[in-house]
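Peer 1: Going letter by letter, the sequence shown gives residues 45 to 438 in the numbering used here.
Could you have a look at this structure, given as structure tokens, before my questions?
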Amino acid sequence: MTDHEQTGGRGAASVPNAHEGSVSEARLASMLDTAVDGIVVIDERGTILSFNKACETLFGYRAAELLGRNVKCIMPSRYADEHDGYLAHYRDTGERRIIGIGREVEGMHRDGTVMPVELSVGEARTPEGRQFIGIIRDLRARRATEERMRDLQAQLVHMARVSAIDEMGAALAHELNQPLTALMLYLDAVQRAAARDWQEGDLRGQALSNAVREAQPAAGIVQRMRGFLDRGDQRRRAVDLRVLLDEAVELTKMGRRSAGVMITRDDDPHLPRIEADPIQVQQVFVNLLRNAFDAVQGLERPEIAVATRREGRWVTVAVTDNGLGIASEAIGDLFKAFSSGKRKGMGLGLAISRSIAQSHGGDLTVDPGGDGRGARFELALPLGEPTEEDRADG
């Protein structure tokens, strides 16, 4: 082999293969365009060098329209006015303010709509100079979900307060009704006996008549209160219990010690819709899930199982934990108002939950577990009158 051939061989090995380069560029372009998140590449002056398809969808521009322009064009003014200064500050000092640190900012659509985005920025040194790669994730769907969850949580808190007042009102009406009824009977008996012995115009007889007259409206007020509370909430519609459960699980996880707790679902895929108040029923689910979360705290492998079933003309939802079960001495008062075994709370959760179940024509029952088994709460709700389809299936 000649010296020239040897030199030529070494030279060929050191020159990049044009075909390999084009393949690498094509592969990179394919990766950028198939990425779910938006990816934009800029140089150290802020000029856009690359703008992938997810960015086109997110911002409403075609890549060809933005290549060579300053990245400020996809920022609202309060970010755009400062961006060049940030780049200049980094070039001069090397001080990082966002590079390598993801944060939530705002982007601007072509139509002027400002939207929340999550931005992560990385830096690359290339033969053409420093370049910055921004990965942009649209946060609108997540924000909408969070807002919906906050609204739903607020509704549930409000419903819990209303239900607590209903529960207390029903308890007061029940407790007041008995002594008022007895009082009316005693006054009536005394009035009949006094009519034989007291003369007409006797002040004692007048006082007794006044007492009867005042007691009668009080008894009527209590009866009207009981009637009002017994009517229940009429805002019912066809609901999918599985959807309500999905939201209840997410709500229960928010702000609670849910890390490490495994939640398993076993849903009947053919579970029919039922007529129910979605807020009230979801409140029952949240109460049961919160109790289950509390029951498994401190366990090595905390687990909660949620199952839905159709059983004839009934739909059941069961929540089972793998805790220690419910102590036998607590079972008797479990569904009574103001009898909580917890240090915090008024003890209304299960009482309200059973009241809601019964107002829907169903019930809430418990298998207390123990001896190595956790507690199992089961909500049963009726399907209502059978439809023509149900009769045909039967």
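We put the beta carbon where it would ideally sit given N, CA and C, even for glycine.
Every value quoted in this text rests on a predicted model; they were computed, and no experiment measured them.
How big is the Cα-Cα spacing for Arg236 and Ser403?
Peer 2: Roughly 42 Å separates the two Cα atoms.
Peer 1: Would you kindly check if the distance between the Cβ of Glu373 and the Cβ of Met306 is under 8 Å?
Peer 2: No, Cβ-Cβ distance for Met306 and Glu373 is not below 8 Å.
Peer 1: Might you give, ordered along the chain, the residues of its own chain that have their beta carbon closer than 6 Å to the beta carbon of Gly367, omitting 5 neighbours on each side?
Peer 2: These residues qualify, in order along the chain: Ala339, Val340 and Gly418.
Peer 1: Starting from Gln341, trace the alpha helix (DSSP H) in both directions and tell me its first and last residue.
Peer 2: Gln341 -> no alpha helix (DSSP H), and no H or E assigned at all.
Peer 1: Between Tyr123 and Glu150, is the Cβ-Cβ spacing less than 8 Å?
Peer 2: Yes, they are a contact pair.
Peer 1: For Pro426, which three-state DSSP category applies?
Peer 2: Pro426 falls in the strand class under three-state DSSP.
Peer 1: Rounded to the nearest angstrom, what separates Asp87 and Phe337 at their Cα positions?
Peer 2: One C-alpha to the other measures close to 50 Å.
Peer 1: Starting from Phe176, trace the alpha helix (DSSP H) in both directions and tell me its first and last residue.
Peer 2: First-last for Phe176: Gly173 to Asp182, but that is the beta strand (DSSP E), not the alpha helix (DSSP H).
Peer 1: Indicate whether Leu231 and Val256 have their beta-carbon atoms separated by less than 8 Å.
Peer 2: For Leu231 and Val256, yes; Cβs fall inside 8 Å.
Peer 1: Beta-carbon separation of Arg354 and Asp312 under 8 Å?
Peer 2: Yes, these two residues count as a Cβ contact at 8 Å.
Peer 1: Given 8 Å as the limit, is there contact between the stretch 95-114 and the stretch 75-85, that is, 3 or more CB pairs closer than that?
Peer 2: Yes, the stretch 95-114 touches the stretch 75-85.
Peer 1: Can you check which of these residues, Asp321, Thr308 and Phe329, is closest to Ala292 by C-alpha distance?
Peer 2: The shortest C-alpha separation from Ala292 is found at Phe329.
Peer 1: Quick one: what's got a C-beta closer than 8 Å to Gly90's C-beta in the same chain, skipping five residues either side?
Peer 2: Once the five neighbours on either side are set aside, the close Cβ partners of Gly90 are Asn114, Val115, Lys116, His127, Asp128 and Leu131.
Peer 1: Alpha carbon to alpha carbon, what distance is there between Leu288 and Gly410?
Peer 2: The amino acid at residue 410 is misidentified as Gly; the sequence shows Val. Rounded to whole angstroms, Val410 to Leu288 spans 21 Å at the Cα level.
Peer 1: Go ahead and pull the three-state DSSP assignment for Met152.
Peer 2: Correct three-state label for Met152: strand.
Peer 1: Let me know if Leu102 comes out buried or exposed under the rule of 16 or more other beta-carbons within 10 Å of its beta-carbon.
Peer 2: Leu102 should be labelled buried.
Peer 1: How many angstroms separate the CA atom of Thr352 from the CA atom of Arg280?
Peer 2: Whole-angstrom Cα-Cα distance: 20 Å.
Peer 1: Tell me the rounded alpha-carbon separation between Ser121 and Thr296.
Peer 2: Cα to Cα, Ser121 sits roughly 39 Å from Thr296.
Peer 1: If we call anything under 8 Å between Cβ atoms a contact, is Ala395 one with Phe421?
Peer 2: No, the Cβ-Cβ distance between Ala395 and Phe421 is not below 8 Å.
Peer 1: Does the distance from the CB of Leu423 to the CB of Arg357 come in under 8 Å?
Peer 2: Not closer than 8 Å, so no.
Peer 1: How many angstroms separate the CA atom of Leu425 from the CA atom of Asp241?
Peer 2: Cα to Cα, the separation comes out at about 59 Å.
Peer 1: Let me know the secondary structure DSSP gives Arg398 once reduced to three states.
Peer 2: Correct three-state label for Arg398: helix.
Peer 1: Hey, Val325 and Val359 are a contact pair by Cβ (cut 8 Å); roughly how many whole angstroms apart?
Peer 2: Not really, about 11 Å apart at Cβ, beyond 8 Å.
Peer 1: How far does the beta strand (DSSP E) with Glu355 in it reach, from first residue to last?
Peer 2: Taken as a continuous stretch (DSSP letters only), the beta strand (DSSP E) holding Glu355 covers Glu347 to Glu355.
Peer 1: Just grab the DSSP bridge partners of Ser372 for me.
Peer 2: BP columns for Ser372 are empty, so no partner.
Peer 1: Which residues share a DSSP beta bridge with Ser403?
Peer 2: Per DSSP, none; premise fails for Ser403.
Peer 1: What residues in its chain sit with their C-beta under 6 Å from that of Arg192, if we drop five residues either side in the sequence?
Peer 2: For Arg192, where only same-chain residues beyond five positions count, there are no Cβ hits under 6 Å.
Peer 1: Which of the three DSSP states, helix, strand or coil, is assigned to Phe421?
Peer 2: Strand, per DSSP.
Peer 1: Output needed for Gly276: all residues of its chain with C-beta closer than 6 Å, excluding positions within five of it in sequence on either side, in chain order.
Peer 2: With a pLDDT of 48 at Gly276, under the threshold of 50, the modelled position of this residue cannot be trusted; read the value that follows with caution. Excluding residues within five positions, the ones whose Cβ falls inside 6 Å are Ser403.
Peer 1: By Cβ distance below 8 Å, which residues in the same chain neighbour Leu252 in space, the five residues on each side in sequence not counted?
Peer 2: Once the five neighbours on either side are set aside, the close Cβ partners of Leu252 are Leu231, Val234, Gln235 and Ala238.
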